[in-house]
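Some notes on the structure that comes next.
Protein chains in written order, with the numbering used here: chain U, 59 to 496; chain H, 381 to 707.
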């Protein structure tokens with residue numbers, strides 16, 4: 059029998075062994091296939107396309123100072139401000155906030171109109187009980203929108219009043235124009251100077267009248283907010299949070315499963331003692347490693363296929379790119395993730411240690427791969443850590459392929475494959491050391 | 381199983397000279413010198429922790445000797461090629477196969493990593509399962525097997541590539557006496573097929589099944605002998621038991637003791653029964669019969685006595701300890 063044939067037989071030993079061991083656990087397979095799908099489904103269900111509404115209490119300590127304009131301050135049109143009620147006692151409102159009976163306390167400034175008339179800004183104080191920095195940012199944003207809304211409505215009211223006053227002024231102006239025209243008839247024919255002055259006066263009055271007509275013809279909201287903004291994504295599609303996170307969730311799950319499987323593989327064999335048999339048998343470290351890599355890669359590709367099928371066809375996660383780009387990116391991700399797993403397996407002394415390392419890596423991937431926080435926000439030196447994780451490459455590639463319809467950026471593909479190849483080499487050297495004569 | 385090996389090949393499959401292995405300050409194997417002839421069952425006997433497994437690991441190339449010379453199948457084990465390794469089978473002390481695989485799958489896995497061809501494998505594995513009497517259980521998960529069945533599966537996995545030389549590290553440890561006997565029947569069968577077996581055991585009684593026995597104690601190989609040779613060495617000769625029809629008087633015992641082939645003093649079992657250590661039982665028994673007649677001792681029975689190997693071993697160790705006692 060040729061050496062090549064024997065080489066293939068030896069590799070196949072691990073392929074069939076690992077796959078049989080996995081397939082012998084139907085519950086595990088069901089968990090692996092439907093678990094991630096269920097997580098994505100529940101994620102979509104748990105985070106509908108709605109912003110959080112805040113139960114709001116307005117504190118108006120001196121209602122009389124609002125000159126009957128209470129509603130201007132306490133009837134917010136912002137959908138984020140809900141279940142509004144008004145309280146005169148600030149301490150009571152804050153106590154309710156502490157008891158989580160309300161989410162926001164907006165204290166209306168005392169005598170706000172008088173303050174403005176005195177050429178000063180009237181300041182609203184907004185209390186909240188949040189600790190999450192993202193929620194605090196959200197509250198700040200809601201508070202800013204609220205104040206902008208109050209300012210806008212105040213200006214609109216003033217504008218409407220101004221337009222009404224302009225109507226009265228226009229009546230007087232039209233009377234003045236008529237009188238000027240009458241006056242023009244009384245000017246003697248030879249008095250050209252006076253006639254010219256009356257003409258100028260009539261023109262000025264007519265111009266002001268026209269301007270007032272324009273002023274009155276415009277809507278108050280346009281006058282107060284003459285400019286607005288409209289954002290549009292280049293692809294023309296606005297993704298929901300579920301759609302946006304789906305590629306990242308797939309990447310994170312595949313990386314974690316690959317690492318967990320591979321990390322337990324060799325450490326278990328070392329612990330069981332069968333490694334001693336491998337040392338005596340005519341099997342080499344490279345044959346062992348290739349056999350294990352291929353078996354897990356094959357299984358993980360099948361798993362990725364099922365998860366992707368369920369995500370795209372059942373959860374309707376968008377897939378705008380080419381499938382062969384997707385397959386290439388996923389295989390690269392799995393190859394490198396398995397490399398990480400085998401490295402863990404070779405440096406761990408026990409199963410527990412291997413599981414702990416895998417969990418640490420999952421945690422690092424959640425925080426540093428751009429899963430939650432945009433990588434562009436990260437401090438530059440820390441990006442080295444981010445780009446040493448397979449998930450970072452995987453998330454970028456799958457987002458580009460699935461959401462943008464692009465191909466995987468060659469730099470990313472080369473980067474992840476380079477890490478994978480490096481890990482394969484390191485793993486081979488470590489396993490060879492484990493299997494060599496002591 | 382009909383995978384009979386060529387039995388004409390002779391020579392020693394293992395040749396160790398002054399073989400030593402240390403782990404730091406601890407000497408695990410100390411100046412071990414021995415030869416294992418091809419086609420024999422070589423028993424390696426000694427108490428737990430005496431260096432048996434380390435010796436097997438040296439012979440299989442897992443450990444590199446600290447000093448000394450070692451040749452297994454004509455080569456140093458640390459330089460074994462793949463082809464050399466295909467000639468060796470190694471049964472590890474503990475069950476190390478995969479509990480989640482069936483008997484057949486485990487065997488198939490072992491066959492693959494030894495590079496056994498795919499076309500003949502099916503028949504070969506079936507014959508092996510037949511040999512270790514596990515054919516009916518080939519669909520069972522290894523985790524569902526009893527301790528004895530696991531050992532038989534391990535033995536089959538060791539045999540899967542039909543190796544020339546088998547290293548079996550305590551194959552009978554922890555299993556019941558009936559199954560132990562069965563295992564030795566397997567080993568005899570393997571020997572008949574031309575395999576050489578190097579078997580370590582803590583059960584001194586199993587020395588009887590071996591062609592040669594190496595006695596290991598505290599990292600040192602005390603001796604390599606045939607089972608009978610071991611008894612001889614332990615007691616300084618063969619033991620002959622005499623039972624008389626009447627009381628054997630002191631002067632008559634003395635007469636027997638003074639015979640030239642008798643070693644040491646006569647051991648009195650009771651008034652009518654004595655045990656005598658002689659150079660060679662076969663030649664001594666007729667002479668003892670004659671001498672007894674002359675001394676007017678009526679013999680009821682006279683026979684060679686084979687003391688249990690446990691006693692032999694204890695005797696040997698006592699002798700060894702006495703030899704190394706500080707002066």
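By construction, the Cβ of each residue, glycine as well, lies at the ideal position given by its N, Cα and C atoms. Being a predicted model, the structure only gives us computed values, none of them experimental.
Per-residue contacts from residue 15(U) into chain H (C-beta, under 7 Å) = Residue coverage of chain U in this structure runs from 59 to 496, which leaves residue 15(U) outside it and unanswerable.
Comparing the C-beta of residue 472(H) with each C-beta of chain U, is any distance below 8 Å?
-> yes
Name the residues in the segment 580-604 of chain H whose C-beta lies less than 7 Å from a C-beta of chain U; which are they?
-> none
Which of helix, strand or coil DSSP assigns to residue 657(H) | strand
From the DSSP output, in three-state form, read off residue 482(H) for me.
-> strand
Chain-ordered residues of the segment 321-344 of chain U with a beta carbon less than 9 Å from chain H = 327, 330, 331, 332, 333, 334, 335, 336, 337, 338, 339, 340, 341, 342
Find out if the Cβ-Cβ distance for the pair residue 601(H), residue 548(H) is shorter than 8 Å.
-> no
Does residue 60(U) get closer than 8 Å to chain H when you measure Cβ to Cβ?
-> no
Would you say residue 85(U) reaches chain H, if we count a Cβ-Cβ gap shorter than 8 Å as a contact?
-> no
Counting contacts by CB-CB distance shorter than 8 Å, is residue 496(U) in contact with chain H?
-> yes
Spatial distance of residue 424(U) from residue 143(U) (CA atoms) | 40 Å
Where do the ends of the beta strand (DSSP E) carrying residue 410(H) lie?
-> 406-417
Inspect the beta-carbon positions of residue 579(H) and residue 421(H) and report whether they are closer than 8 Å.
-> yes
Note down, in chain order, each residue of its chain lying with its Cβ closer than 8 Å to the Cβ of residue 373(U), except the 5 sequence neighbours on either side.
-> 95, 98, 99, 102, 300, 304
Which residue's Cα is closest to the Cα of residue 436(H): 545(H), 406(H), 405(H)?
-> 545(H)
Got a sec? Which residues, its chain only, sit under 6 Å from residue 145(U) by beta carbon, not counting five neighbours each side?
-> 115, 117, 151
Rounded Cβ spacing between residue 522(H) and residue 483(H) (contact assumed at less than 8 Å) | 6 Å
Does any CB atom of chain U fall closer than 8 Å to the CB of residue 500(H)?
-> no
If you draw a straight line from the C-alpha of residue 383(H) to the C-alpha of residue 572(H), how long is it?
-> Because residue 383(H) sits at a pLDDT of 44, beneath the cut-off of 50, its placement in the model cannot be relied upon, and the following sentence gives the value as read from the coordinates. Residue 383(H) and residue 572(H): Cα-Cα distance of roughly 11 Å.
The beta strand (DSSP E) enclosing residue 113(U), as first and last residue numbers = 112-117
Nearest chain H C-beta to residue 27(U) closer than 8 Å, yes or no?
-> Since the first residue of chain U shown is 59 and the last is 496, residue 27(U) is not available in this structure.
Local Cβ density within 10 Å of residue 447(U), reported as buried at 16 or more and exposed below that = buried
Since residue 451(H) sits in a beta bridge, which residues does DSSP pair it with?
-> 395(H)
Nonlocal neighbours in the same chain, by C-beta distance under 7 Å from residue 355(U), ignoring five residues either side = 392, 393, 396
Do we get a CB-CB distance below 8 Å when we pair residue 468(H) with the residues of chain U?
-> yes
Within-8 Å CB hit, residue 68(U) to chain H = yes
Under 7 Å from any heavy atom of the ligand HEM, does the C-beta of residue 457(U) make it?
-> Here there are no bound small molecules, and the ligand HEM is not part of this structure.
Pick out whichever of 176(U), 109(U), 214(U), 449(U) has its Cα sitting closest to the Cα of residue 199(U).
-> 109(U)
First through last residue of the alpha helix (DSSP H) which encompasses residue 204(U) = 191-244
Under the DSSP definition of a beta bridge, which residues are partnered with residue 292(U)?
-> In the DSSP output, where bridge partners are listed per residue, residue 292(U) has none listed.
Extent of the continuous beta strand (DSSP E) to which residue 596(H) belongs | 592-597
Between the segment 437-463 of chain H and chain U, which residues of the former have a C-beta closer than 7 Å to a C-beta of the latter?
-> 440, 441, 442, 443, 444, 458, 462
Can you give me the Cβ contacts of residue 273(U) inside the same chain, cut-off strictly under 7 Å, excluding the 5 residues immediately before and after it?
-> 221, 224
Starting from the C-beta of residue 388(H), find all residues in its chain whose C-beta is less than 7 Å away, skip the five residues before and the five after it, and write them out in chain order.
-> In this prediction, residue 388(H) scores a pLDDT of 40, lower than 50, which makes its location untrustworthy; the coordinate-derived value is nonetheless stated afterwards. For residue 388(H), where only same-chain residues beyond five positions count, there are no Cβ hits under 7 Å.
Backbone CA spacing between residue 404(U) and residue 491(U) [nearest angstrom] | 10 Å
Kindly indicate which three-state DSSP category residue 143(U) falls into: helix, strand or coil?
-> strand
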